[in-house]
Structures are given as C-alpha cells and as structure tokens.
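**Student:** Quick note: to get the working numbering, add 445 to the position in the sequence shown (first position is 1).
Once you've had a glance at the structure underneath, I'll fire off some questions.
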Amino acid sequence: MKCNVGILRTAKYKNRFNIVLFLLLLLFIAYIAGIYLSSIFFTLGKENSRNYKAEKTAALIMEFTFPNVSASIYPSPSFHTSGGGSGSSFEVKPYFAAMGTYALEKQVGKERYPIGSLNMNHLFFSTSINWSWENGSYNNYLYFYHPDQYASLTTGHTVEISPGWDNLETLPVGTVAELALSFKQTYSIEQVMNMLADYELDIIWYAIATGLEGTSRQTRLSVTDGVWGVNDLSHNMLSENSTLRTDDGSVREEYFLDSMHFLAENESFAKKIYRGDPNDLRLAERSEYLNENGVQVYGVVVTGPTKELLKLRELEYIHSPALGEVRLWNWFSRNFSSQLY
446 MKCNVGILRT AKYKNRFNIV LFLLLLLFIA YIAGIYLSSI FFTLGKENSR
496 NYKAEKTAAL IMEFTFPNVS ASIYPSPSFH TSGGGSGSSF EVKPYFAAMG
546 TYALEKQVGK ERYPIGSLNM NHLFFSTSIN WSWENGSYNN YLYFYHPDQY
596 ASLTTGHTVE ISPGWDNLET LPVGTVAELA LSFKQTYSIE QVMNMLADYE
646 LDIIWYAIAT GLEGTSRQTR LSVTDGVWGV NDLSHNMLSE NSTLRTDDGS
696 VREEYFLDSM HFLAENESFA KKIYRGDPND LRLAERSEYL NENGVQVYGV
746 VVTGPTKELL KLRELEYIHS PALGEVRLWN WFSRNFSSQL Y
C-alpha cells in the first residue's frame, strides 16, 4: 500500500511539473509571437510603416526647429536596424508596443556634448513623447530676427542693443562658444558659406525663412517661437546624399525642401514632437512657400574660438548676436578616442 501511495505522489508531482513546463513553454511561444506581431505592425510597409515615419519625423523636427541640436535617430524600415547612434535604442515589445530612446546632443567647438534624450513610447496607434534633459531642463540662449523684423526694429531708431558682442569680449582666450547671428537680408546657403569662409569657425545650422517669420515684429524667433532651419550636416542628410560635398549648398537646400514636404504629410505626428504651439506648425503652408520662393537663409549658428567669433562684429550685414554655450578650448582634432559604458 505504501508503495502505491509513493507511486501516486510521484506521478502527481510529475504531472504538475509537466503542466508548469507546458505553461512556461506556452508563455514563451506567446511572447515570441507577440514580438513578431509587433514587429510586423510597426514595420509593415517599409518606408510607409509607422515606425519609419515616426522616427524620421522626430529626427527632422529636432533638426529643423532646435538650432544646433540633433537627435541620434537613424530611421529604418526594419526594426532590426532602427534606433540610432551611441546612447540611443529601439525595442519592440510584445503585442503592438515599442519604445525608442534617442540621444540628443549639440556641438560647441569641435566636440559634441550630450544634452538629454527623446523618448517615444508606442502602443497600437498612439504614441507618447517624453523629454529627459541632462540637468533637468534645456537652457535655450539662441534666437534670431527675420529681416522684416529687423526693418521694424530699426524704424524710429529703436534698434535692440544685443549684449552678444560685449559678452564675447569679456570671455577669456582659451574658450570656444556657439553664437546665433541674424542677417539684415536673406541669402542662399552657398552665399552664406562664402561670406564666412575666411573665418576660423564651423557653420552648424542655417535659419531659413518659411513664410511665417516676421509676422510678430518684436518676438524673437527661437525653438518655441517659430524658428526653422537645417543643419550644415546631419545623419539623415548624409544617408540620402552619400556624395555630399562640404561646400555644396544646393544639395542642402534640396534636402530641406524634400524633408519639409515629408513633414507636411506627417503633420499629425510632428505636432507631438514640436516644442512650440502645435497650431503654429502649418507645414503645408510652409512647404508651399519654400517651393515657390526657394531656400532663403536669414541667420546661422556658428561655433569656434570666442576671439575668432568676435571678429564677425566687423560684418555690416550681421546684427543681434545671441551667445549660447561656452566651453573650454577644444578647437583641435584628436588622433584617438574611445567611449566605455
């Protein structure tokens, strides 16, 4: 009798173990199936897929509306290659969920610095956006004036006195800085390149007229107040133009026009990323203006040695300099560097 009881008990435990093992296997299969369904949901359609459009829209809005800020986002039709560079990641989760974290950085001098991250959480057809900044917030010092605003400011001799030149003058030798400059009229990208070619600096970002600037005569154009422009170089630009030359302004202009057309087709998602008033986007209107009038640059963000930037004061077509971040001297190239995490 005792032998039979032992056999029954062993059989019961073995049966329970098999049930648990079966359930674990079932959960694992369900998890894998969920991942597979999610990957199909977010990448179906390749360049028309939800993930590709979301990543590209986010990358372009960051590049075009944040002067000298870029998001390390590398849009791809496949979730296997989605994500970004260092500090960025994209993770597909089971059953129609995905999460992307993308590093934000800016260039001051010759080095790029992390300033935070953009987080996108996808669930079915909804996407939530969260921002995480290195020091809890982003300090924006850069602003511009459109030539129409400058004409208004100079009427009646009420020109705004900008402290930018004085601030640069007080900075010591051995520092580098970023500086936003406004022009009294508009130029093409190649014209701006030629105008600043004799100075030891890097042009980082071009402020471009999209037809809606200058409507508010006194408001500075900034990241939250209607400034639009394009990086001198970006990953997205290079991925679409593998033979891009550093002095080729026409390719940059074409890239901006094509990208604005893409944003106009994806305005609903662009409104989630844009840090200004979403109702002020009016992307179709801006894109139409650009197609009719071309790319007109009314300002730039430059970076370089502070004393070299101070020399720009001699240029009559520049006004209202806005001093951004200042760093210790890094105006040189390293022959080796690595990062450990």
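Heads up, the beta-carbon is just placed ideally off N, CA and C, and yes, glycines get one too.
Model, not experiment: these values are computed from the prediction.
Which residues in the same chain have their Cβ closer than 6 Å to the Cβ of residue 578, if we skip the five residues on either side of it in sequence?
**Tutor:** Cβ within range, chain order: 561.
**Student:** Helix or strand or just coil, what does DSSP make of residue 657?
**Tutor:** Residue 657 falls in the coil class under three-state DSSP.
**Student:** Threshold first: 4 residues or longer. Then list the alpha helix (DSSP H) segments lying entirely within the segment 477–559, N to C.
**Tutor:** Qualifying alpha helix (DSSP H) stretches, in chain order: 495–510.
**Student:** So, under 8 Å CB-CB, residue 741 and residue 654 are touching, yes? Tell me the CB distance rounded to an integer number of Å.
**Tutor:** Contact holds; Cβ gap of about 4 Å.
**Student:** Spatial neighbours of residue 682 within its chain, please: C-beta separation below 6 Å, excluding the five flanking residues on both sides.
**Tutor:** Only 700 meet the Cβ criterion.
**Student:** Considering just the uninterrupted stretch of the alpha helix (DSSP H) at residue 575, what are its terminal residues?
**Tutor:** From DSSP, residue 575 is part of no alpha helix (DSSP H) but of the beta strand (DSSP E) over 571–578.
**Student:** Could you spell out the range, first to last residue, of the beta strand (DSSP E) harbouring residue 780?
**Tutor:** Unbroken run through residue 780: none, as it is neither H nor E.
**Student:** Short of 6 Å in beta carbon distance, which residues of its chain neighbour residue 747, apart from the five on each side in sequence? Order them along the chain.
**Tutor:** Answer for residue 747: 624, 646, 648, listed in chain order.
**Student:** What is the residue span of the beta strand (DSSP E) that residue 615 lies within?
**Tutor:** Per DSSP, residue 615 belongs to no beta strand (DSSP E); it is in the alpha helix (DSSP H), 609–615.
**Student:** How big is the Cα-Cα spacing for residue 780 and residue 555?
**Tutor:** Approximately 13 Å, taken between the alpha carbons.
**Student:** Would you decide whether residue 552 is buried or exposed? Buried here means 16 or more other CB atoms lie within 10 Å of its CB.
**Tutor:** Buried.
**Student:** Alpha carbon to alpha carbon, how far is residue 539 from residue 481? Give it in angstroms, no decimals.
**Tutor:** Their backbone Cα atoms lie some 8 Å apart in a straight line.
**Student:** Is the Cβ-Cβ distance between residue 769 and residue 586 less than 8 Å?
**Tutor:** In contact: residue 769 and residue 586 (Cβ atoms closer than 8 Å).
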